[in-house]
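Participant: In this note's numbering, the protein residues as written are 16 to 488. We put the beta carbon where it would ideally sit given N, CA and C, even for glycine.
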Amino acid sequence: MNIKEFRKHAHEAADWMADYLDHIEQYPVKSEVTPGDIIKKLPETPPQKGESMKSIMEDFKHIILPGMTHWQHPGFFAYFNANNSYPSILAEMLTATMGAQCMSWVTSPAATELEERVMQWTAKMIGLPTTFSGVIQDTASSATLCSLLTAREKQSDYRINDQGLYGMKKFTVYCSQEAHSSIEKDVKIAGLGKDNLRKIEVDKDFAMIPRALEEKIQSDLKNNRVPLAVVAAVGTTGSTAIDPLKDITEICLRHNLWLHVDAAYAGTALLLPETRWMIRGIEMADSFVFNPHKWMFTNFDCSAYYVKNKEALIRTFEILPEYLKTKEGQQVNNYRDWGIQLGRRFRALKLWFVIRNFGVKGLQQKIRDHIQWAQELKKEIEDADDFEMLAPTPLATLCFRYKPKGIDDTTTLNKLNADLLDRLNQSNQIYITHTKLDGKYSLRLVIGQTNLTRKHVSDAWKLICKTSKKYGD
Ligand SMILES: *Cc1c(COP(=O)(O)O)cnc(C)c1O
16 MNIKEFRKHA HEAADWMADY LDHIEQYPVK SEVTPGDIIK KLPETPPQKG ESMKSIMEDF
76 KHIILPGMTH WQHPGFFAYF NANNSYPSIL AEMLTATMGA QCMSWVTSPA ATELEERVMQ
136 WTAKMIGLPT TFSGVIQDTA SSATLCSLLT AREKQSDYRI NDQGLYGMKK FTVYCSQEAH
196 SSIEKDVKIA GLGKDNLRKI EVDKDFAMIP RALEEKIQSD LKNNRVPLAV VAAVGTTGST
256 AIDPLKDITE ICLRHNLWLH VDAAYAGTAL LLPETRWMIR GIEMADSFVF NPHKWMFTNF
316 DCSAYYVKNK EALIRTFEIL PEYLKTKEGQ QVNNYRDWGI QLGRRFRALK LWFVIRNFGV
376 KGLQQKIRDH IQWAQELKKE IEDADDFEML APTPLATLCF RYKPKGIDDT TTLNKLNADL
436 LDRLNQSNQI YITHTKLDGK YSLRLVIGQT NLTRKHVSDA WKLICKTSKK YGD
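#1: Which parts of the stretch 423-447 are runs of the alpha helix (DSSP H), unbroken and 4 residues or longer, counting only runs that do not cross its ends?
#2: Can you tell me whether residue 453 is buried or exposed, with buried defined as 16 or more other CB within 10 angstroms of its CB?
#3: Would residue 489 and residue 275 be called neighbours here (beta carbons separated by less than 8 Å)?
#4: Give me, in chain order, the residues of the same chain whose beta-carbon lies closer than 8 Å to that of residue 442; leave out the 5 immediate sequence neighbours on both sides.
#5: Alpha carbon to alpha carbon, what distance is there between residue 370 and residue 9?
#6: Assign residue 317 to one of three DSSP states: helix, strand, or coil.
#7: Threshold first: 4 residues or longer. Then list the alpha helix (DSSP H) segments lying entirely within the stretch 168-204, N to C.
#8: Tell me the residue span of the alpha helix (DSSP H) that contains residue 404.
#9: For ligand 1, is there any heavy atom lying closer than 7 Å to the beta carbon of residue 306?
#10: Can residue 280 be considered in contact with ligand 1, in the sense that its beta carbon sits closer than 7 Å to one or more heavy atoms?
#11: Which complete alpha helix (DSSP H) runs does the stretch 51-122 hold, if anything under 4 residues is left out?
#12: Could you check the C-alpha separation between residue 45 and residue 430 for me, to the nearest Å?
#13: Does any heavy atom of ligand 1 sit closer than 7 Å to the C-beta of residue 408?
#14: Given that a residue counts as buried once 16 or more other Cβ atoms are within 10 Å of its Cβ, and exposed if not, what is residue 12?
#15: Out of 134, 359, 102, point me to the one whose CA is closest to residue 149's CA.
#16: Comparing C-alpha positions only, which one of 121, 366, 468 sits nearest to residue 99?
#17: Could you check the C-alpha separation between residue 35 and residue 83 for me, to the nearest Å?
#18: Look up residue 254 in the DSSP assignment and say whether it is helix, strand or coil.
#19: Pick out the complete beta strand (DSSP E) segments inside the stretch 205-249, 3 residues or longer, and give them in chain order.
#20: Do you know whose CA, among 252, 73, 273, lies nearest residue 165's CA?
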């Protein structure tokens, strides 16, 4: 391909992009293919000779697209959203075009300094204290790993980095039973051992019980363990439960424990001052993470990681071989030392485009709408005779189940709801997922897609009601 052809194909691709987004509701939201359908259409050996863009694009449309789940479809109510938006997509195009690798300040000064600035903006936007420094990570899983590694190094006076874990004290880590699976994964990777992760009991609202945390710490201390860190969830993945941060910070302070706050989904809601109660006590935390790539209309991946003590983070990860030394040295941020990977994408650009194009007010309006529509739907579910809510709805994620009159048996209800979920997803109009709360199979509907309207939500509810009725017959 030469530059002239590139220009032509780029224009065509831009047209395809706009058409796709314009007509996205005509696609089945969830891919209908079965395992192996796609791979069998792909040749076993790569082409020896270059192929035309025309034939590559044809295959993209006819082989790849049918195997895609359309995450930007307003009928996407599954998992948590991974949203994009027009300004974010445009920034990704520019990022791809420049193709810069932003490991150090010198490898693209603007990427580093823009990242520093947008992380400061974002902190202000969500009400984090100005004492926190931010860095963009790929995912919350990685950010939490960075946090646990920093805690481990700080506690061991940075000796584990040098000597390994052999002969070290047995550390323990704490999170709630409802905490995200990435915490267990991170504990394993950090060499702390998943048997040393304590999953603390939750209350009826699925939030950590501080008294149970305190008791577990006490019993570990008695058994010669070294309590290391607590990971508090502000918005669990199952039901968006909010752990009581203030009480947890007091326990951490008393026992000198590291505190990491995982607000991967719910962090975006902090754009609204009325939700800031969720992070009361945050000034006592050591680190905090939330994902603009979930609910803040920024293309995957973009996870905002904040730390109170950036020196501890850098000391944990810093490495300086001869070939990476630069004359600016310590005067500048070299974000390669703020996390695991050396090479880094220019992720700050899309966040900057999003914040500037929506404006803080524009972002707030979208989040406020989503929460409002979720609260309206919650009311409808509560008022419906044969549905019930299974968890509080502090934000815009609803956990509920179909419960026709006269059926009380959990096993029967679980099966009924699993079947209902299948039927709903076979409709091709909406995609929702499930969780289990207290042993109860729960439908889980997340209101957060960028271009969603109130009508999409009410259509989804109508479809759920209609589908459940058919089932009853
Ligand atoms: C989504 C989620 C994660 C994992 O996010 P990644 O960025 O995909 O690693 C972690 N914690 C919570 C509470 C989440 O909702």
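Facilitator: Let me spell this out:
#1: For the stretch 423-447, whole alpha helix (DSSP H) runs of length 4 or above, ordered along the chain, are 425-441.
#2: Exposed, because fewer than 16 other Cβ atoms sit within 10 Å of the Cβ of residue 453.
#3: What the structure shows of the chain is the stretch from 16 to 488, and residue 489 is not part of that stretch, so it cannot be assessed.
#4: Correct list, in chain order: 478, 482.
#5: With the chain running from 16 to 488 in the structure shown, residue 9 is simply not present.
#6: In the structure shown, residue 317 falls within a coil segment according to DSSP collapsed to helix, strand and coil.
#7: Segments of the alpha helix (DSSP H) lying fully in the stretch 168-204: 174-178, 196-204.
#8: Counting along the chain, residue 404 falls outside any alpha helix (DSSP H), though it belongs to the beta strand (DSSP E) covering 402-404.
#9: Distance from the C-beta of residue 306 to the nearest heavy atom of ligand 1 is below 7 Å.
#10: If you check the C-beta of residue 280 against ligand 1, you find a heavy atom less than 7 Å away.
#11: As far as the stretch 51-122 is concerned, its whole alpha helix (DSSP H) runs of at least 4 residues are 68-74, 101-113.
#12: The straight-line gap from Cα to Cα measures roughly 22 Å.
#13: The answer is no for residue 408.
#14: No information on residue 12 is available, as it lies outside the stretch 16 to 488 that the chain covers here.
#15: In this structure, 134 is the residue among 134, 359, 102 with its C-alpha nearest to the C-alpha of residue 149.
#16: The shortest C-alpha separation from residue 99 is found at 366.
#17: Rounded to whole angstroms, residue 35 and residue 83 show a C-alpha spacing of 13 Å.
#18: In this structure, DSSP gives residue 254 a state outside helix and strand, which the three-state scheme calls coil.
#19: 212-215, 241-248, all fully within the stretch 205-249.
#20: Across the set 252, 73, 273, the C-alpha of 273 shows the shortest separation from the C-alpha of residue 165.
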